[in-house]
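Sequential numbering of the sequence shown, starting at 259, is according to the numbering used here.
Reviewing the structure listed below.
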Amino acid sequence: MDFQLSEEQKELKDSVRRYARERLVPIAEEIEQTDEPPSGELVREFAQMGYLGINIPEELGGQGLSNLDALIVVEELGRASSAVAFPVFESCVGPVRAIEKFASRELAEEVVPAVCAGEKVVAIAMSEPAAGSALTDLTTRADVQSDSVVLNGTKRWCSGGGHADGYLVYCRFSDEPGAKAIGAVYVEKGAQGLSFGRREHLMGFRGVPSSDIYFDNVRVPVKNVVLAAGGFGKLMAAFDLERCGNATMALAQASAALAEVSEYVQERRQFGKPIIDFQAVQMKLAEMKMQVEASRLLIWRAAVNAEQGFPSISASSVAKCFANEIARTVTGDALQLMGGYGYSKEYPMERRFRDAWGWGIAGGAIDIQKINIASAMIGRRFNQRA
């Protein structure tokens, strides 16, 4: 058991941090003002840097590195902002990995290399008006008709909705209730019958567009079926990696907040001395440091134990739940230590606080992760409908 990064991983971490600090911080500030997602030019720059799909096999356009390498990159980019890191997040731990692992070779070769090249952004469409935490209640329907699939239904809270070039759509292939009828279909943005609702205005996540998606007899080739009925378990296995990505994005807000407030308390003077000289501030910093370090270890454990596969639901849920909770605490404590400066939009701390709360809702709320953890401990799923 080795808790040290390799020399190559240390170099990767340092190089991405320098790039994010020098190149992305000004862009993050601009995105916060405009609420517009990263430009296509920046996404292609990510591709040139090798960040998009860094853990995707080389034959599909990636770098062939590990899931841990991908999470290292996501954290360092996420420290600049959630929005600038989001295209890399989606390419490394999001729906692209499910397409890579489970789609036909034809579809994978059509979609995945384009994502790694920065030519295409793919989002996931899971939640519905009556199916969020209760995902197996989804009603979006996919009907296979000869050589095509016809989709009807509504998706809600799609991060990337209306902006992404393609969508991995969770859907039901028959009237059979529960998970057995659920699979997933890939749909391109320009498909006839596909439309989008108004863009949501959220507390945080500025620069990460979100909207409803409407499917009105949307017809796609049958090759776009990524997983047919019965594939729900595999979709959730892929989503366990996305949970680690979510946890890493939350961690990024906390780790950056800790670094920024550590500098602030050494510079800020009150009562004739830097506020770091007050014992209460020292103890608060120590608590924040412990939370950040523990969170990172839980995430990395889940990724390393999975090697190139998908983490277990237990490890990923523990990592996500803990990271989501400490991100809210650490960013909140950092904001409080900075006082009015932390609360001001002239500084990034209040953005980090708002985004930290969002990551604890996205990708499965904190309390749902606790149910997952308890289920893994006891060895059975609990019927929430009983």
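For every residue, glycine included, the Cβ atom is placed at its ideal position computed from N, Cα and C.
Bear in mind the structure is a predicted one, so any value in this text is a computation, not a measurement.
Please state whether DSSP places residue i in a helix, a strand or coil.
{"i": "Pro371", "result": "helix"}
{"i": "Leu409", "result": "strand"}
{"i": "Gly424", "result": "strand"}
{"i": "Arg638", "result": "coil"}
{"i": "Glu317", "result": "helix"}
{"i": "Ile440", "result": "strand"}
{"i": "Arg586", "result": "helix"}
{"i": "Ala389", "result": "strand"}
{"i": "Arg363", "result": "helix"}
{"i": "Arg302", "result": "helix"}
{"i": "Arg464", "result": "coil"}
{"i": "Ser633", "result": "helix"}
Counting along the chain, where does the alpha helix (DSSP H) carrying residue i start and finish?
{"i": "Leu509", "result": "490-525"}
{"i": "Phe454", "result": "Element bounds for Phe454: not the alpha helix (DSSP H) but the beta strand (DSSP E), 452-454."}
{"i": "Glu608", "result": "607-617"}
{"i": "Glu265", "result": "265-277"}
{"i": "Glu334", "result": "325-338"}
{"i": "Glu288", "result": "283-292"}
{"i": "Tyr601", "result": "598-601"}
Just the C-alpha distance for residue i and residue j, rounded to the nearest angstrom, thanks.
{"i": "Lys481", "j": "Ser406", "result": "8 Å"}
{"i": "Asn475", "j": "Met494", "result": "26 Å"}
{"i": "Asn244", "j": "Pro569", "result": "There is no way to answer for residue 244, as the model of the chain reaches only from 259 to 644."}
{"i": "Arg559", "j": "Cys579", "result": "14 Å"}
{"i": "Ala510", "j": "Gly503", "result": "10 Å"}
{"i": "Lys542", "j": "Gly598", "result": "18 Å"}
{"i": "Ala442", "j": "Ile533", "result": "54 Å"}
{"i": "Ile584", "j": "Pro345", "result": "24 Å"}
{"i": "Val483", "j": "Arg279", "result": "40 Å"}
{"i": "Gly491", "j": "Glu446", "result": "24 Å"}
{"i": "Asp535", "j": "Glu316", "result": "51 Å"}
{"i": "Gly637", "j": "Ile631", "result": "10 Å"}
How is the beta strand (DSSP E) around residue i delimited, first residue to last?
{"i": "Gln403", "result": "399-403"}
{"i": "Val483", "result": "483-485"}
{"i": "Phe529", "result": "Here Phe529 belongs to no beta strand (DSSP E), and DSSP marks it neither H nor E."}
{"i": "Asn563", "result": "Element bounds for Asn563: not the beta strand (DSSP E) but the alpha helix (DSSP H), 537-564."}
{"i": "Phe202", "result": "Since the first residue of the chain shown is 259 and the last is 644, residue 202 is not available in this structure."}
{"i": "Ala383", "result": "380-383"}
Leaving out the 5 sequence neighbours to the left and right, which residues in its chain are closer than 6 Å to residue i when beta-carbon positions are compared?
{"i": "Asp401", "result": "Val408"}
{"i": "Leu593", "result": "Gly600, Met607, Phe611"}
{"i": "Ile624", "result": "Cys579, Asn582, Gly618"}
{"i": "Asp433", "result": "none"}
{"i": "Gly418", "result": "Ala381"}
{"i": "Ala439", "result": "Arg430, Phe431, Ser432, Ala487"}
{"i": "Val466", "result": "Ala341, Phe344, Ser417"}
{"i": "Tyr472", "result": "Thr412, Ser453"}
Among the residues of its own chain, which have a CB less than 7 Å from the CB of residue i, if the five just before and after it don't count?
{"i": "Arg586", "result": "Ala614, Trp615, Gly618"}
{"i": "Lys628", "result": "Cys579"}
{"i": "Ser385", "result": "Lys413, Arg414, Trp415"}
{"i": "Asn313", "result": "Gly320, Leu323, Ser324, Asn325, Asp327, Ala328, Cys350"}
{"i": "Arg695", "result": "No answer is possible for residue 695: the residues shown for the chain start at 259 and end at 644."}
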